[in-house]
Structure formats: C-alpha cells, structure tokens
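Here the structure comes first, spelled out in structure tokens, and everything after it is commentary.
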Amino acid sequence: MNGNIRSEPQLSAAIDYLLTSAVSGFNEADLLKSAGVGVVVTAEEIQQQVCEVINKHKSEIMKQRYSFNSGKLLGEVKSRLKWADGAAIKRELDLRMMLLLGPKTIDDIRGGAKQAEENGPKRSGRKNLDQEAAVKDKEKACDKETIKKLYDKETNGANSIDELMRNKTNFHKVGENYKTDGYIITPNTMKLLKKHVEDVKGKVVTRFPPEPNGILHIGHAKAINIDFGYAKAHGGICYLRFDDTNPENEDEKFVKNIEEMVKWLGYSPYKITHSSDYFDQLYEWAVVLIKKDLAYVCHQTVDEMRGFDVAASPWRNRPVEESLRLFEVIVIFAL
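When we follow the numbering used here, the leftmost residue of the sequence shown carries the number 1489, and every step to the right adds one.
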C-alpha cells in the first residue's frame, strides 16, 4: 500500500476487505476505495479541527466547563475528518479541554452530579423536600470521625499502600499461579512455573503495562500502586512495560507523562520494556497454536462476537493450512 494507510479506521477497513476476499481474490481498486487509501489525516489536521470546534463552542464550554457535552464536539470533528482515528481525536480533545479549563475541580464534579440529578425524573414537591432534608442530614453526619470510620472500613485499617499490600492482600505465592480459580493447566504448566521461580529466584515480579495514548487517570494510579506497591512490599521488582502495539494512537509526550507519574507516586521501574520486544515470540506461538488446530483465522466483526449468547464462529473448523495462509497475509500486510 506504499505507506498510504495511516489511521486505524483505514487499516481496519483494509484488513476486513482482505480477509473476506483472501480466498476468492480481491480487486485492488475496491481495496483502495474501501480503505480510503490516499487520504492522510495528520496530527496537525486533527489538532486544527479540534481547536476550531472548541473555539466555536468556547463561550458555552467556559460557562458549563466539564458539564458541556463533549460527545457533541467529538461528533463534529469526526464529521470533518472521516478517516481520522477516533481515539486520536478523543485524546486531542481531552488534552485541549484540559489546557482550556485546567484540571477538574470539586465544583466541576459536584456540578456534573447536580446536572444528572436535574436531568432525572421530576418528583413531587413534598418528596423533593424530604430528599433535600435527607441529603443535608447525611452531609452533617460526614464529620471527621464518620469519615475515619468509613476509611478504616474500606481499607481494613491499613495506613499505607505498603501495609495494605503486605498484610491485607491475599494473592498467591510466587509460582503458585495454578491455585487461582479457573487457572488452566497444560502438560507444560508445572515445568514452566518451576522454571519461572528459578529465573526470578523466588522474588515477586510484576509489571505495569500502559498504552501511551493519553493522560493517566485515577484508575491508572490504583493499578500503579498495586503493581509497584505489591512488588515493593515483598522485596520484588516491577517492570514498566509500554504497550506499543498501536503506534498510530501513541505519542512520546504520553510516554514521558507516564514515566513522570510513576515517579511522582514514589516508584521506580526495575526496567522499561515494550510489547514489541516480544513480537517474534508471539508470532511463533501463534503459528504453533494454528498448527495444533487450537487457533484459526476468523472474519467475525466485533458486534457479532459481542454478548453472552454468541453463535459459534462459522470459521471454527477452517482447515489448518488455510488459516496459516491467511495468517501470513495478515502479518505481511501489517508489516
């Protein structure tokens, strides 16, 4: 494709077309058209359109702050840039909103809750008064002693992450993964676990695996404290492993931001690694699984696989050689 596919929507459309046409053959013109080849949406174009849309609604945004419906902004930018990656637009939009408004304040959070309440079903006047009185009583009850009791209940009395990870967790010991509910054991499981224990010398080894495609949020902070905190509390090590499998959505500024956030929370990674370091091994394992008829190439869409009562894939019994051939097509195209 001579490097003309630049965004995830284009790549997804091209791969879908190739997979559905791999057996019967494909028409190059149809492929180019279906993938939007030749249409290149740069980061600068995304930034420009995001800024224009934000400026268009700036007065309303400044008034409503984070209560403003950002989905409206996202929709407008997507309508202007059909082949732009949606995640890239969302990241740029979040960044520009934060630069314009600053971090969310307590008033912003309360305002969002108030807006949701106002948009909810209306109640009778008497019920509203009773509800307001109950809220006020609850607020009065939230004195320091009550908050402390609630905190102790939530944390089981742990005064620090180190104490929580050391005394209040119930994780399996190193090498005892097989004791976890639902853990699948294969003929090589115990041998590999034994080798793992020998390789790490019995120490706890964890990793925090973020994708550098945006600003970290409170959920990431929780994961950092668990991954790094548990290893630190037990004398182990934690890797910072960047998921760099989606380069179109990643940016060096987010890499730096993640490293700074880990340091700010009081941790230092044992080593910084990347998912791509293991691509060759993952490829070899995929081929082994296909040859053992434990994996196959499937053309189902995300929507077709979503849900609880999903029909079995019509490609589940695809011949091994056919899956291998199609898998090679995918790999070659991805490269």
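Note that beta-carbon positions come from the ideal geometry of N, C-alpha and C, so glycine has one too.
query = DSSP three-state call for Val-1688: helix, strand or coil?
reply = The sequence position of residue 1688 within the sequence shown is 200, counting from 1. Correct three-state label for Val-1688: coil.
task = State the Cα-Cα distance for the pair His-1684 and Asp-1518, rounded to the nearest angstrom.
result = Taking the first residue of the sequence shown as position 1, residue 1684 is located at position 196. Taking the first residue of the sequence shown as position 1, residue 1518 is located at position 30. If I take the Cα positions, the gap works out to 49 Å.
ask   = Between which two residues does the beta strand (DSSP E) harbouring Ile-1760 extend?
value = Taking the sequence shown and counting its residues from 1, the one referred to as residue 1760 is at position 272. Segment 1760-1762, the beta strand (DSSP E) holding Ile-1760.
query = Quick one: Cα of Glu-1736 to Cα of Val-1528, how far?
reply = Translated into the one-based positions of the sequence shown, residue 1736 becomes position 248. Translated into the one-based positions of the sequence shown, residue 1528 becomes position 40. Approximately 12 Å between the Cα atoms of the pair.
Proximity below 8 Å, CB of Gly-1534 to CB of Ala-1576 = Position 46 of the sequence shown, counted from the start, is the residue given in the question as residue 1534. Position 88 of the sequence shown, counted from the start, is the residue given in the question as residue 1576. According to the sequence shown, residue 1534 is Ile rather than Gly. Yes, they are a contact pair.
query = If you draw a straight line from the C-alpha of His-1705 to the C-alpha of Lys-1592, how long is it?
reply = Translated into the one-based positions of the sequence shown, residue 1705 becomes position 217. Translated into the one-based positions of the sequence shown, residue 1592 becomes position 104. Each residue's alpha carbon lies about 12 Å from the other.
inquiry  = Tell me which residues share the same chain as Lys-1578 and place their Cβ nearer than 7 Å to its Cβ, disregarding the 5 neighbours each side in the sequence.
reply    = Within the sequence shown, the letter at position 90 stands for residue 1578. Here the set comprises Leu-1562.
inquiry  = Considering just the uninterrupted stretch of the beta strand (DSSP E) at Leu-1728, what are its terminal residues?
reply    = Taking the first residue of the sequence shown as position 1, residue 1728 is located at position 240. Looking at the DSSP string, the run of the beta strand (DSSP E) that includes Leu-1728 is 1725-1730.
inquiry  = Using a Cβ-Cβ cutoff of less than 7 Å, which residues in the same chain neighbour Asp-1596 once the five nearest sequence positions on both sides are dropped?
reply    = Locating residue 1596 in the sequence shown gives position 108, where the first residue counts as 1. Once the five neighbours on either side are set aside, the close Cβ partners of Asp-1596 are Arg-1553 and Tyr-1554.
inquiry  = For Ser-1811, tell me which candidate among Val-1790, Leu-1583, Lys-1780 and Val-1785 has the shortest Cα-Cα distance.
reply    = Locating residue 1811 in the sequence shown gives position 323, where the first residue counts as 1. When each option's Cα is compared against that of Ser-1811, the closest is Val-1785.
Alpha carbon of Lys-1744 to alpha carbon of Pro-1698, nearest angstrom = As a first step, residue 1744 must be located in the sequence shown, where it is residue number 256. As a first step, residue 1698 must be located in the sequence shown, where it is residue number 210. Each residue's Cα considered, the two are about 12 Å apart.
request  = State the Cα-Cα distance for the pair Val-1551 and Glu-1540, rounded to the nearest angstrom.
outcome  = Working through the sequence shown from its first residue, we reach residue 1551 at position 63. Working through the sequence shown from its first residue, we reach residue 1540 at position 52. The sequence shown places Lys at residue 1551, rather than the Val named in the question. Looking at the two C-alpha atoms, the distance is approximately 18 Å.
inquiry  = Measuring straight from C-alpha to C-alpha, what distance separates Leu-1569 and Val-1662?
reply    = As a first step, residue 1569 must be located in the sequence shown, where it is residue number 81. As a first step, residue 1662 must be located in the sequence shown, where it is residue number 174. So the two alpha carbons sit approximately 49 Å from each other.
request  = Just the C-alpha distance for Arg-1804 and Ile-1503, rounded to the nearest angstrom, thanks.
outcome  = Taking the first residue of the sequence shown as position 1, residue 1804 is located at position 316. Taking the first residue of the sequence shown as position 1, residue 1503 is located at position 15. So the alpha carbons of these two residues sit roughly 19 Å apart.
ask   = Is DSSP giving Phe-1696 helix, strand or coil here?
value = For the purposes of this step, residue 1696 is taken as residue 208 along the sequence shown, with counting starting at 1. DSSP places Phe-1696 in strand when its eight states are reduced to three.
message = Just to check my reading of the structure: Lys-1720 and Asp-1650 have Cβ atoms closer than 8 Å, yes? What is that Cβ distance to the nearest angstrom?
response = In the sequence shown, counting from the first residue as 1, residue 1720 sits at position 232. In the sequence shown, counting from the first residue as 1, residue 1650 sits at position 162. 7 Å between Cβ atoms; contact.
message = Between which residues of its own chain and Gln-1537 is the CB-CB distance below 7 Å, once the five residues before and five after are set aside?
response = Within the sequence shown, the letter at position 49 stands for residue 1537. Taken in chain order, the residues that qualify are Val-1565, Arg-1568 and Leu-1569.
key: Own chain, CB closer than 6 Å to Asp-1731, minus 5 neighbours either side, in chain order   = As a working mapping, residue 1731 is identified with position 243 in the sequence shown. The residues are Pro-1697, Glu-1699 and Ser-1763.
key: Nonlocal neighbours in the same chain, by C-beta distance under 8 Å from Asn-1655, ignoring five residues either side   = Working through the sequence shown from its first residue, we reach residue 1655 at position 167. Contacts found: Ala-1646.
Where the alpha helix (DSSP H) containing Asp-1573 begins and where it ends = The residue you call residue 1573 lines up with position 85 of the sequence shown. Counting along the chain, Asp-1573 falls outside any alpha helix (DSSP H), and DSSP gives it neither H nor E.
message = I'd like the span of the alpha helix (DSSP H) that includes Trp-1773, first residue to last.
response = Within the sequence shown, numbered from 1, the residue matching residue 1773 stands at position 285. From DSSP, the alpha helix (DSSP H) with Trp-1773 extends over 1767-1779.
request  = Pull up the distance between the alpha-carbon of Asp-1791 and that of Asp-1797, whole angstroms please.
outcome  = As a position in the sequence shown, residue 1791 is number 303, starting the count at 1. As a position in the sequence shown, residue 1797 is number 309, starting the count at 1. Using only the alpha carbons, I get a separation of about 12 Å.
key: Option in Glu-1496, Ala-1800 and Ile-1672 with minimal Cα separation from Trp-1571   = In the sequence shown, the residue the question calls residue 1571 occupies position 83. Nearest option by C-alpha distance: Glu-1496.
request  = Round the Cβ separation of Val-1688 and Tyr-1718 to the nearest angstrom and send it over; I've been treating them as touching at under 8 Å.
outcome  = Within the sequence shown, residue 1688 is the residue found at index 200, counting from 1. Within the sequence shown, residue 1718 is the residue found at index 230, counting from 1. Contact doesn't hold; Cβ gap of about 14 Å is too wide.
Where Val-1819 falls: helix, strand or coil (DSSP) = Mapped onto the sequence shown, residue 1819 falls at position 331. Note: Val-1819 maps to helix in three-state DSSP.
ask   = Among Phe-1716, Ser-1547 and Lys-1560, which residue has its Cα nearest to the Cα of Leu-1588?
value = The residue you call residue 1588 lines up with position 100 of the sequence shown. If we check each option's Cα against that of Leu-1588, Ser-1547 comes out closest.
query = Using the rule of at least 16 other Cβ atoms within 10 Å of the residue's Cβ for burial, across every protein chain shown, is Ala-1523 buried or exposed?
reply = Within the sequence shown, numbered from 1, the residue matching residue 1523 stands at position 35. Label assigned to Ala-1523: buried.
key: Cβ shell of Tyr-1755 (< 8 Å), same chain only, five flanking positions each side left out   = Translated into positions along the sequence shown, residue 1755 becomes position 267. For Tyr-1755, where only same-chain residues beyond five positions count, the Cβ hits under 8 Å are Ile-1712, Phe-1716, Gly-1717, Lys-1720 and Cys-1726.
query = Does DSSP put Ala-1646 in a helix, a strand or coil?
reply = One-based indexing of the sequence shown puts residue 1646 at position 158. Reduced to three states, the DSSP call for Ala-1646 is coil.
query = Would you report the Cα separation of Thr-1530 and Asp-1573, rounded to the nearest angstrom?
reply = Mapped onto the sequence shown, residue 1530 falls at position 42. Mapped onto the sequence shown, residue 1573 falls at position 85. The straight-line gap from Cα to Cα measures roughly 10 Å.
For Ala-1531, the first and last residue of its enclosing alpha helix (DSSP H) = Against the sequence shown, residue 1531 aligns to sequence position 43. 1531-1544 is the span of the alpha helix (DSSP H), which, as asked, contains Ala-1531.
query = Using a Cβ-Cβ cut-off of 7 Å (strictly less than) and excluding sequence neighbours within five positions of Ala-1709, which residues of its own chain qualify?
reply = Position 221 of the sequence shown, counted from the start, is the residue given in the question as residue 1709. So the list reads Leu-1753, once near-sequence residues are dropped.
ask   = Which residues mark the beginning and the end of the alpha helix (DSSP H) in which Asp-1715 is found?
value = Indexing the sequence shown from 1 puts residue 1715 at position 227. 1706-1721 is the extent of the alpha helix (DSSP H) around Asp-1715.
ask   = Can you name, in chain order, every residue of its own chain whose Cβ lies under 7 Å from the Cβ of Ala-1604, other than the five neighbours on each side?
value = Taking the first residue of the sequence shown as 1, we reach residue 1604 at position 116. Here Ala-1604 scores only 49 on pLDDT, less than 50, and its place in the model should not be relied on; the value that follows carries that caveat. Correct list: empty, nothing qualifies.
inquiry  = Just to confirm my understanding: we take Ala-1783, look at its own chain, exclude 5 residues before and 5 after, and list those with CB closer than 8 Å. What are they?
reply    = Taking the first residue of the sequence shown as 1, we reach residue 1783 at position 295. Taken in chain order, the residues that qualify are Ala-1774, Leu-1777 and Ser-1811.
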